[in-house]
Amino acid sequence: MLNLPKEVLLFFVSNYYDIILAVVLSIGVAFLLSKALRRGSHKADGIPGRLGLPLVGETFSFLAATNSTKGCYDFVKLRRLWHGKWFKTRLFGNIHVYVPSVEGAKTILRNDFGLFNRAYVKSMADTVGRKSLLCAPQETQKD
Numbered sequence: 001m002l003n004l005p006k007e008v009l010l011f012f013v014s015n016y017y018d019i020i021l022a023v024v025l026s027i028g029v030a031f032l033l034s035k036a037l038r039r040g041s042h043k044a045d046g047i048p049g050r051l052g053l054p055l056v057g058e059t060f061s062f063l064a065a066t067n068s069t070k071g072c073y074d075f076v077k078l079r080r081l082w083h084g085k086w087f088k089t090r091l092f093g094n095i096h097v098y099v100p101s102v103e104g105a106k107t108i109l110r111n112d113f114g115l116f117n118r119a120y121v122k123s124m125a126d127t128v129g130r131k132s133l134l135c136a137p138q139e140t141q142k143d
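Using the UniProt record's numbering, read the sequence shown as starting at 1 and increasing by one per residue.
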């Protein structure tokens with residue numbers, strides 16, 4: 001450990017107090033922002049997850065996982081461990097809800113969207129396409 005005399009330490013603080021103050025304030029602001037982001041991840045909508053920074057979200061984490069040897073499955077696996085059966089995230093500026101479990105997918109497909117807001121049905125139809133299994137009527141799916 002450094003064993004500086006008191007005079008040297010006072011000289012250092014008096015000459016560099018503005019830099020020291022800026023570093024301490026930066027650390028404090030970073031700490032408060034991280035606490036606010038964590039607290040904001042569980043809002044009233046009931047879907048756990050982190051949205052990250054506005055516009056960017058978790059895009060960099062997703063791209064890093066995609067370019068790794070494990071692929072995007074590692075990204076989904078980690079968030080499923082953190083948040084549970086389903087989670088929300090922001091990728092490429094849009095909010096996505098992942099349902100990476102068979103139970104969750106069965107709940108969505110069997111319930112004919114009874115538990116979900118009708119706006120979600122339209123956005124899912126726009127995402128997957130009109131000829132997708134999700135958009136087909138229930139009678140057609142049973143054939």
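Where a beta carbon is used, it is the ideal one built from N, C-alpha and C, also for glycine.
Values in this document were obtained by computation on a predicted structure and should not be read as measured data.
Tell me the rounded alpha-carbon separation between Pro48 and Gly84. 8 Å
Kindly indicate which three-state DSSP category Lys85 falls into: helix, strand or coil? Correct three-state label for Lys85: coil.
Would you call Glu58 buried or exposed, if buried means 16 or more other Cβ atoms sit within 10 Å of its Cβ? buried
Tell me Leu91's beta-bridge partners as DSSP assigns them. The partner list for Leu91 (beta bridge, DSSP) reads Gly57 and Asn94.
Say whether chain C places a C-beta atom closer than 7 Å to the C-beta of Val76. Here there is only one protein chain, and chain C is not present.
Span of the alpha helix (DSSP H), counted from its first residue to its last, around Lys6: Lys6 to Asn15
Is it true that the CB of Ala64 sits closer than 7 Å to the CB of Asp74? Cβ distance not < 7 Å, so Asp74 and Ala64 don't count as in contact.
Does the beta-carbon of Phe87 have 16 or more other beta-carbons within 10 angstroms, so that it is buried, or is it exposed? buried
Would you identify the three-state DSSP class for Gly104, choosing helix, strand or coil? helix
Nearest to Arg79 by CA position, among Lys70, Arg50 and Phe60, is which residue? Arg50
If the criterion is Cβ atoms closer than 7 Å, does the pair residue 144 and Phe62 meet it? Any property of residue 144 remains undetermined from this structure, which presents the chain solely from 1 to 143.
Under 7 Å between C-beta atoms of Leu33 and Gly93: no
According to DSSP, which residues form a beta bridge with Gly49? Lys88
Cα-Cα separation, Ala22 to Gly46: 38 Å
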